[in-house]
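A quick write-up on the structure given underneath.
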Amino acid sequence: KVAGNLKSEILCGSLRGASAGVKLLEIGTYCGYTALRMAAAFPSVCISTLEVDPIHVIIARNMVALSGLVQSLDVWTGHSKYLLPRLAQRWMHGQPLQYGAVLMDRWGSEYHNDFIVLQRSQLLGPSVVVVADQVLWTG
318 KVAGNLKSEI LCGSLRGASA GVKLLEIGTY CGYTALRMAA AFPSVCISTL
368 EVDPIHVIIA RNMVALSGLV QSLDVWTGHS KYLLPRLAQR WMHGQPLQYG
418 AVLMDRWGSE YHNDFIVLQR SQLLGPSVVV VADQVLWTG
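Per the numbering used here, the sequence shown starts with residue 318, numbered consecutively.
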């Protein structure tokens with residue numbers, strides 16, 4: 318499954334509400350298409366993207382390398398319930414890491430659990446934009 322052009326345009330429109338220069342978190346990388354579209358649309362934004370499947374991570378990292386957007390995208394391998402607390406331990410410019418935008422693009426039944434971890438880990442910025450895909454069905 319790959320996000321089509323219309324879906325990407327809607328997503329970009331939703332994320333325009335986030336503050337300029339914020340960090341973006343994507344949970345569910347797949348092959349990296351959406352993260353690459355976001356990096357191209359918002360060049361000043363740093364993107365962290367999480368993917369549980371190591372094969373998809375290899376594909377996504379290669380796509381990022383081929384695109385020349387390595388400085389903007391960070392592809393993490395593992396399950397969000399383990400990676401989100403690790404991300405919370407990172408600091409940016411002497412401040413705790415917080416995301417101004419979050420894209421949840423994996424099993425919709427897991428969004429609640431991810432959101433709880435995001436809140437507990439204080440990874441959500443004060444006026445965070447959250448976009449969730451696959452809320453009506455999963456896969």
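Glycine included, every Cβ here is placed at the ideal spot set by N, Cα and C.
No experiment lies behind these values; they were computed from the predicted model shown.
Asked	Found
contact_flag[the segment 344 to 353, the segment 362 to 369] where n(CB pairs < 8 Å) is 3 or more	yes
Unbroken alpha helix (DSSP H) run spanning Leu323, endpoints	322 to 332
Reference Leu341, options Ser397, Ala356, Ile327, closest by Cα	Ala356
Whole-angstrom distance between Val362 and Ser389, CA atom to CA atom	7 Å
Where Ser444 falls: helix, strand or coil (DSSP)	strand
Own chain, CB closer than 6 Å to Lys324, minus 5 neighbours either side, in chain order	none
Proximity below 9 Å, CB of Val385 to CB of Gln415	A small correction: the amino acid at residue 385 is Gly; Val does not occupy that position in the sequence shown. Not a contact, by the Cβ cut-off of 9 Å.
Tyr350, enclosing alpha helix (DSSP H) - first and last residue	350 to 358
Boundaries (first-last residue) of the alpha helix (DSSP H) holding Met374	First, the amino acid is wrong: residue 374 is Val here, not Met. Note, Val374: alpha helix (DSSP H), 371 to 384.
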